[in-house]
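The structure appears below as structure tokens.
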Amino acid sequence: MEGPMQIQYAILLPPTALALLTGVVFIKLYRDRVAEIRARRIHPQQLATAKATHETLQNVAASDHFRNLFEVPVLFYALCGFLAITQLANPLLLAGAWGYVVLRAAHTYVHLTSNTVIRRFQLFFASSIVLYAMWLLFAVRLLTA
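If you want it as structure tokens, here you go:
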């Protein structure tokens with residue numbers, strides 16, 4: 001497998017990496033939540049709704065971030081799938097995809113550690129610019145194919 005076909009498969013690696021990152025956040029969410037419920041002896045029924053969960057639990061960073069990973073990244077998953085299906089991926093789009101994943105990983109790290117809002121915003125904004133630039137490039141390639 002060489003040339004363009006190799007890139008069409010390679011474009012599926014960044015979304016796979018992002019899915020793995022989402023799995024890591026899920027594990028952190030599970031561990032944090034179970035630990036807090038046990039330590040504070042919270043009855044699970046007290047967490048029946050998202051609102052009740054946020055009002056009851058003190059440590060919600062992992063759950064907030066887990067939800068974030070199902071917002072804008074959905075556009076990333078779709079784009080990478082479209083790039084593979086249409087065979088319009090190229091080295092620039094592949095580099096952009098990896099750049100997006102690196103920025104999202106950095107965003108995850110900040111959100112789950114220092115939670116410095118300005119740094120989180122900068123990483124979110126940068127990753128969004130990369131993603132929308134990729135969408136623009138895909139649209140141009142699609143319209144000129």
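Numbering (full-length UniProt numbering), first residue to last: 1 to 145. We put the CB at the ideal spot given by N, CA and C, even for glycine. Quick caveat, the model's predicted, so the values are computed rather than measured.
query, result
"Under a three-way DSSP split, which group does Phe66 fall into?", "helix"
"Out of Thr86, Tyr9, Leu57, Phe66, point me to the one whose CA is closest to Thr108's CA.", "Phe66"
"Enumerate in chain order the residues of its own chain whose CB-to-CB distance from Pro44 is below 8 Å, with the five nearest sequence positions on each side excluded.", "Ile37"
"Buried or exposed for Ala62, please, with buried defined as at least 16 other CB atoms from any protein chain shown within 10 angstroms of its CB.", "buried"
"Going by DSSP in three states, Ile42 sits in which element: helix, strand or coil?", "coil"
"Figure out for me which residue from Leu20, Val130, Thr49 has the closest Cα to the Cα of Leu92.", "Val130"
"Report the residue from Leu142, Ile118, Phe125, Ala95 whose alpha carbon sits nearest the alpha carbon of Pro15.", "Ala95"
"Given a cut-off of 8 Å, decide if Phe125 and Leu88 are closer than it, judged by their beta-carbon atoms.", "no"
"Using a 10 Å radius around the Cβ and a threshold of 16 neighbouring Cβ atoms, would you call Phe76 buried or exposed?", "buried"
"Which whole-angstrom value is the C-beta distance of Asp32 and Asn59, which I expect to be below 8 Å?", "5 Å"
"Grouping DSSP H, G and I as helix and E and B as strand, with all else coil, what is Leu88?", "coil"
"Per DSSP, what kind of secondary structure is Ser114 in: helix, strand or coil?", "coil"
"In whole angstroms, what separates the C-alpha of Val117 from that of Cys80?", "29 Å"
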